[in-house]
Amino acid sequence: MPSAVVVGGGIAGLVIARELAIGGVSVTLLEASDRLGGKVARHIVAGIELDAGAESFATRNGTVAALATSLGLSVELPNPAGAWLQASPDRAFPLPKTGLLGIPSVPLAADVIAAVGIGGALRAQLDELMLGFVASQERNFGELVRRRMGRVVLEQLVAPVTLGIHSRHPNDLDVDVVAPGLRAALLDTGSLAHAVRTLRAAAPAGSAVSGVEGGIFELVDALADDLSARGVDLRLSSPVGEVDALGATLTTGEIVDADTVVLATALAAPDQTTITPTTITLATLVLDAPQLDGAPRGTGLLVVPGTEGIRAKALTHSSAKWRWLADRLGAHRHVIRLSYSGVSPEAWREQARRDAEKLLGVEIAASSIQGFDSVEWSQPATAPPSIPGVTLVGEGVAGTGLAAVIGRAQREAERLLGDSKP
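249 is the number of the first residue of the sequence shown in our numbering; add one for each residue after it.
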């Protein structure tokens, strides 16, 4: 039986280990920490199990939903009320619904004008007068939007969305990673607005994101159980110092040889110690707050960067977004999650309460807080270096989001299994 060693027990490592095991490979998975899942994790706040990392996934290609369903999990669509946009300290309104990552499909629609003003909307409408090839070769997502629809749409619509979903400004994203097919559709249709309409029409009916009943962290438990049942050797607290095409060397000096080597995590390296990764802090409040029963800001808000007096870049009203969570919480209890760029010595609990109060437009007394927790996550500053003979998967090479990470892991597994056939 061919063998494989997978270094890293995050979602990418778990998925590629499963695919290889299904393909008849004997797999050993090495995880440095004492738990599996990486950024897909749980925490308990006020006695409730909640997602400490990702709480939804993009539905494109059906990748994540198909995996979840195959593992016996139930996929749930969010509340269709949708998110709002906080454009200034005193101005919030529903986010235009017929766009793609904030790119409007109808620049002169009333909800777009409300978001960017008539001047910004008219500039975006110029997209219709340009030739289709303009910016069609541009891989930088922010630059493509700016050239086609202008700076106002970029900063006031697109940036809040990508910062909320991918924790990155559009200028730091690859078009083909976050919006596959957009450039081709731009060439085919002749405008970015038409390209957005084409992609939306081709997408499956329903929301652009979905979740898992019980929390995205249920994926980790289900994958771990599936791997164990398939005979995969899951080894926790097994940090790896080096990998090459022949295997992995643990920091203890133990060598695990294998026919196939997969690196699904970043390895500490002397020449990478000066790189500072991007840090995201997620602050979760569990509230007893009847004033939130009507979901005053839908499923949450995205914040235009630089909005005075608000540090959060996004707020998710989780109990308004997910029916399963509202059912578990009971009457008048709510879960609010805010995301921040970077870390701060401030007390996150009070910062989160103040921001939630401003964003939701209601008073939230400190006494209404039943539980609080903050979790910090780091994003890779650069892609991991290529190692001859070693397959790379994970966020550093696939991009952010479960759909991208899982999709790449599955494609790499298919390639490896194809290469192993006589």
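Built from N, CA and C at the ideal position, the CB exists for glycine as well.
Cβ pair ILE259, LEU530 closer than 8 angstroms
Working through the sequence shown from its first residue, we reach residue 259 at position 11. Working through the sequence shown from its first residue, we reach residue 530 at position 282. No, these two residues do not count as a Cβ contact at 8 angstroms.
For PRO337, which residues in the same chain have their Cβ closer than 8 angstroms to its Cβ, ignoring the five residues on either side in sequence?
Taking the first residue of the sequence shown as 1, we reach residue 337 at position 89. Within the same chain, THR555, GLU556, GLY557, ILE558, LYS606 come within 8 angstroms of PRO337 by CB-CB distance, once the 5 residues on both sides are set aside.
Label PRO538 either buried or exposed according to how many other C-beta atoms from any shown protein chain fall within 10 Å of its C-beta, with 16 as the threshold for buried.
Looking up residue 538 in the sequence shown gives position 290. Within 10 angstroms of the beta-carbon of PRO538 lie fewer than 16 other beta-carbons, which makes it exposed.
Is it the case that the stretch 486-496 contacts the stretch 343-358, given that we only count it when at least three CB pairs across the two stretches are under 8 angstroms?
Look at the beta carbons and you see the stretch 343-358 not touching the stretch 486-496: under three pairs across the two are nearer than 8 angstroms.
Report all residues from its chain with a CB closer than 8 angstroms to the CB of LEU498; omit the five preceding and five following residues, and keep chain order.
Numbered from 1 along the sequence shown, position 250 holds the residue referred to as residue 498. Closer than 8 angstroms at the Cβ level, and outside the excluded window around LEU498, lie LEU278, SER486, PRO487, VAL488, GLY489, VAL504.
Give every residue of the same chain whose Cβ lies closer than 7 angstroms to the Cβ of VAL406, excluding the five residues on either side of it in the sequence, and list them in chain order.
Here residue 406 is taken as the residue at index 158 of the sequence shown, counted from 1. The residues are LEU349, GLY350, ILE351, VAL393, PRO418.
Would the beta-carbon of ALA340 fall within 8 angstroms of that of ARG602?
Your numbering for residue 340 matches position 92 in the sequence shown. Your numbering for residue 602 matches position 354 in the sequence shown. Their beta carbons are not under 8 angstroms apart, which means ALA340 does not touch ARG602 by this criterion.
Does the beta-carbon of GLN334 have 16 or more other beta-carbons within 10 angstroms, so that it is buried, or is it exposed?
For the purposes of this step, residue 334 is taken as the residue at position 86 of the sequence shown. Under this definition GLN334 is a buried residue.
Would you please state the rounded distance, in angstroms, between the beta carbons of VAL382 and ARG371? I believe it to be under 8 angstroms.
As a working mapping, residue 382 is identified with position 134 in the sequence shown. As a working mapping, residue 371 is identified with position 123 in the sequence shown. Actually they are not in contact, since the Cβ atoms of VAL382 and ARG371 sit about 14 angstroms apart, beyond 8 angstroms.
If you draw a straight line from the alpha carbon of GLY310 to that of ALA652, how long is it in whole angstroms?
Along the sequence shown, one-based indexing puts residue 310 at 62. Along the sequence shown, one-based indexing puts residue 652 at 404. Each residue's Cα considered, the two are about 11 angstroms apart.
Might you give, ordered along the chain, the residues of its own chain that have their beta carbon closer than 8 angstroms to the beta carbon of ILE464, omitting 5 neighbours on each side?
The residue labelled residue 464 in the question sits at position 216 within the sequence shown. Answer for ILE464: VAL288, ASP299, GLY301, ALA302, GLU303, SER304, PHE305, LEU650, listed in chain order.
Helix, strand or coil for HIS414? Go by DSSP, reduced to three states.
Along the sequence shown, read from residue 1 onward, the residue named residue 414 stands at position 166. Of the three classes helix, strand and coil, the one that applies to HIS414 here is coil, per DSSP.
Within 10 angstroms of its Cβ, does ALA613 collect 16 or more other Cβ (buried), or is it exposed?
Looking up residue 613 in the sequence shown gives position 365. Label assigned to ALA613: exposed.
Bounding residues of the alpha helix (DSSP H) (the contiguous stretch that carries GLY368)
Numbered from its first residue, the sequence shown carries residue 368 at position 120. First-last of the alpha helix (DSSP H) with GLY368: 358-373.
Only counting the same chain, and skipping five residues up and downstream in sequence, which positions put a Cβ closer than 7 angstroms to that of VAL312?
Here the question's residue 312 lines up with position 64 in the sequence shown. The answer, listed in chain order, is PHE305, LEU650, ALA651, ILE654.
Can you tell me whether DSSP reads HIS580 as helix, strand or coil?
Within the sequence shown, the letter at position 332 stands for residue 580. HIS580: coil per DSSP, three-state reduction.
Could you check whether VAL400 and GLY368 sit closer than 8 angstroms to each other, using their CB atoms as the reference points?
For this step, residue 368 is matched to residue 120 along the sequence shown. For this step, residue 400 is matched to residue 152 along the sequence shown. In this structure, VAL400 lies closer than 8 angstroms to GLY368 by Cβ.
Assuming ASP424 and ARG387 are in contact, meaning their beta carbons sit under 8 angstroms apart, how far apart are those beta carbons, in whole angstroms?
Looking up residue 424 in the sequence shown gives position 176. Looking up residue 387 in the sequence shown gives position 139. Indeed they touch by this definition, with Cβ atoms about 7 angstroms apart.
Which of helix, strand or coil does DSSP assign to GLU324?
To locate residue 324, count along the sequence shown from 1; it is residue 76. Collapsing the DSSP output to three states places GLU324 in a strand.
Output the distance between the C-alpha atoms of LEU268 and SER415, rounded to the nearest integer angstrom.
Along the sequence shown, read from residue 1 onward, the residue named residue 268 stands at position 20. Along the sequence shown, read from residue 1 onward, the residue named residue 415 stands at position 167. Cα-Cα distance, rounded: 31 angstroms.
Just to confirm, are ASP536 and GLN618 a CB contact at a threshold of 8 angstroms?
On the sequence shown, position 288 is the one that residue 536 refers to. On the sequence shown, position 370 is the one that residue 618 refers to. It is a contact, given that the beta carbons lie within the stated cut-off.
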